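Report on one structure; see the data block that follows.
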Amino acid sequence: NLDGLINSDFELIFEDIGYTRGWLDNPGFFYYSGFKNVKEDELRDKKVTKAKRTVPVLQTVNTGVELLRTGKYAFHTEPYTASQVISKTYEDEELC
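For the record, in the sequence shown the residue sitting at position 5 is -15 according to the numbering used here, with numbers rising by one throughout.
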């Protein structure tokens, strides 16, 4: 959940696609003008905008899935997209 991510040690990374850029650049983008989601705003502020970064926030799917392996990142992408990369690159014992 959002509280878990906000309070975690994970660095957040996102697939570099249009709706992610919209969400990062324009809060309320997917709702109506002026809509505020307090938890989304807190997540964006603490884990993206003001976070100390070791890698760029926007990643390709291949790079994002590879960064997941380190256990230091939470990666936002479409489940189908991630599963296509994971099924080709992870060993069975890496899956949970």
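All C-beta atoms in this analysis are idealised placements derived from N, C-alpha and C, irrespective of residue type, glycine included. Just so you know, these numbers come straight off a predicted model, no measurement behind them.
Spatial distance of tyrosine 70 from glutamate 20 (CA atoms): Their backbone Cα atoms lie some 31 Å apart in a straight line.
Limits of the alpha helix (DSSP H) - the one that glutamate 22 falls within: 18 to 24
Own chain, CB closer than 8 Å to glutamine 39, minus 5 neighbours either side, in chain order: Ile(-7), Phe(-6), Glu(-5), Asp(-4), Leu47 and Phe55
Beta-carbon separation (whole angstroms), valine 28 vs valine 37, contact threshold 8 Å: 6 Å
Nearest-angstrom beta carbon gap, arginine 33 and proline 7 [assumed within contact, 8 Å]: That belief does not hold up - the Cβ atoms of proline 7 and arginine 33 are roughly 19 Å apart, past 8 Å.
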